[in-house]
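Numbering (this note's numbering), first residue to last: 418 to 761. Working notes, beginning with the structure itself.
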Amino acid sequence: MNYPYVIEFRQALVAWFESEKRDLPWRHTTDPYKIWVSEVMLQQTRVDTVIPYYNRFMESFPTLEVLADAPQEYLLKHWEGLGYYSRARNLQAGVREVIETYGGVVPNNRHDISKLKGVGPYTAGAILSIAYNQPEHAVDGNVMRVLSRVLHIHEDIALPKTKKIFEEAVEQLIDPQHASSFNQGLMELGALICTPTSPKCLLCPVRDYCIAFHEGEPEKLPVKSKKVKMKHITYDVLVCEDADGRLLVEQRPETGLLANLWQFPMIEQGTETIEQWLQAYVTDVQTQQELLTFKHVFSHLTWQITAHYMRCQTPMEGEWLTREQIANLPMPVPMLKIFQAIQK
DNA sequence: AAACCGGGGTC
DNA sequence: GACCCAGGTTT
């Protein structure tokens with residue numbers, strides 16, 4: 418790397434971070450467990466979204482031991498609405514590994530910490546640098562955007578192999594004495610100044626050391642190829658209430674989309690008719706009315722949902738639960754929307 | 001390397 | 001609508 422401003426860049430970035438950093442809940446600690454939780458929550462998730470989840474999570478699971486012993490349903494209830502629910506299950510598996518294999522102490526080296534469930538190259542580097550102040554790279558989307566501009570790197574960041582270029586760049590650039598502030602500074606800069614569409618270069622502490630700024634078009638970087646086709650599925654959702662006020666719910670499979678979360682029964686349009694479903698699962702349907710229709714957008718998937726409400730008899734099989742019981746179950750956001758609609 | 005895995009904010 | 005976000009796992 419023939420970048421001539423290594424020393425100046427380090428000093429300016431660390432000084433700026435120390436002076437301008439936001440006051441965030443996980444910045445009041447260096448407890449590796451708490452840093453770990455915050456980093457997992459922050460994967461593909463904005464700071465403002467994470468803050469209330471992090472605070473509530475720490476109230477309920479203040480230590481790694483408490484989390485290790487928690488029922489998965491209670492854990493998932495704390496993750497409800499955050500998305501990517503495998504993060505929560507992997508996190509719990511990870512803390513259990515730490516207790517069983519490392520005596521309850523989060524490993525302080527990349528080799529061991531990377532073996533933990535849900536801890537990839539980024540999260541490993543983030544914990545090592547932020548909790549242990551070790552000069553390890555932690556390359557996320559922010560870091561690739563910032564360094565693609567500072568170093569004028571035009572490789573396609575959508576390609577997996579490109580990340581190695583940035584990891585090696587961080588290894589050269591990182592301030593060995595201030596690893597925590599350096600890594601957080603790169604991310605903070607990406608979040609506040611070096612933003613995707615309209616970077617605030619006039620406010621940037623490392624503008625003088627940024628090649629893309631000198632070249633004139635920092636907003637053209639990073640290079641990122643396109644992708645993705647959106648799938649569209651139409652569902653009817655059936656909210657069945659019996660004479661005792663119980664509702665029929667079901668748990669989703671333990672793998673795949675929204676694994677282990679609970680829902681009201683869904684019928685994919687074009688497979689089974691509502692009438693066929695009713696004959697198989699409930700008896701003596703009385704009132705039947707349409708509740709609401711809405712669209713829920715996932716990353717690469719759209720659900721078009723029509724929710725129906727009906728009163729019927731309790732049959733032999735199926736989970737019929739009170740509203741209080743259902744309120745304690747983790748449900749995906751579209752189901753929460755429906756549940757909300759029937760709380761009259 | 002590509003696909004899968006949520007949800008919300010922004011332009 | 002498309003893009004992005006303090007990514008990791010599975011195929």
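In this text, a Cβ means the ideal position worked out from N, Cα and C, and glycines have one as well.
- Straight-line spacing of the CA atoms in Val702 and Gly687 works out to 22 Å.
- In the assembly as shown, His571 is an exposed residue. Its beta-carbon has fewer than 16 other beta-carbons within 10 Å.
- Closest in C-alpha terms to Lys438, from the list Tyr502, Gln461, Leu603 and Pro538, comes Leu603.
- The shortest CA-to-CA distance from Leu753 to any of Ile722, Lys637, Thr518 and Met727 is the one to Ile722.
- Collapsing the DSSP output to three states places Asp557 in coil.
- With respect to the 7 Å criterion, Gly498 and Val656 are not classified as neighbours on the basis of their beta carbons.
- Restricting attention to Gln668, Glu584, Val431 and Leu533, the CA atom closest to the CA of Met748 is found in Gln668.
- Exposure of Arg463 is indicated by the presence of fewer than 16 other C-beta atoms within 10 angstroms of its C-beta.
- A straight-line Cα-Cα distance of about 12 Å links Pro552 and Glu585.
- Here Met604 carries a helix assignment [DSSP, helix/strand/coil].
- Annotated three-state conformation of Arg728 is strand, per DSSP.
- Collapsing the DSSP output to three states places Ile516 in a helix.
- Under the three-state reduction of DSSP, Gln680 is assigned to strand.
- Residues of the same chain with a CB within less than 8 Å of the CB of Lys641, apart from the 5 flanking positions on each side, are Asp573, Ile574 and Ala575 in chain order.
- At least 7 Å separates the beta-carbon of Val431 from that of His554.
- When the Cα atoms are used, Asp529 and Gln757 turn out to be separated by approximately 44 Å.
- Per DSSP, reduced to three states, the secondary structure at Tyr450 is helical.
- Cβ-Cβ distances below 6 Å link Asn677 to Glu671 in the same chain, with the five nearest sequence neighbours on each side left out; the list follows chain order.
- Taking the C-beta atoms as reference points, Tyr422 is found no nearer than 7 Å to Leu568.
- CA-to-CA, the gap between Trp694 and His649 works out to about 22 Å.
- The alpha-carbon of Lys637 is positioned some 18 Å away from that of Lys644.
- In this structure Ser436 is exposed. Its beta-carbon is surrounded by fewer than 16 other beta-carbon atoms within 10 angstroms.
- Scanning its chain for C-beta atoms nearer than 7 Å, with the 5 sequence neighbours on each side dropped, one finds around Ser477 the residues His495, in chain order.
- Met561 counts as buried, since at least 16 other C-beta atoms from the protein chains shown sit within 10 angstroms of its C-beta.
- Around Glu588, the same chain offers His554 as residues with beta carbons nearer than 7 Å, after the five sequence neighbours per side are excluded.
- In its chain, beyond the 5 residues on either side, Thr731, Trp737, Leu738 and Thr739 have a beta carbon closer than 8 Å to the beta carbon of Arg663.
- Residue state for His649 is assigned as strand, using DSSP reduced to three classes.
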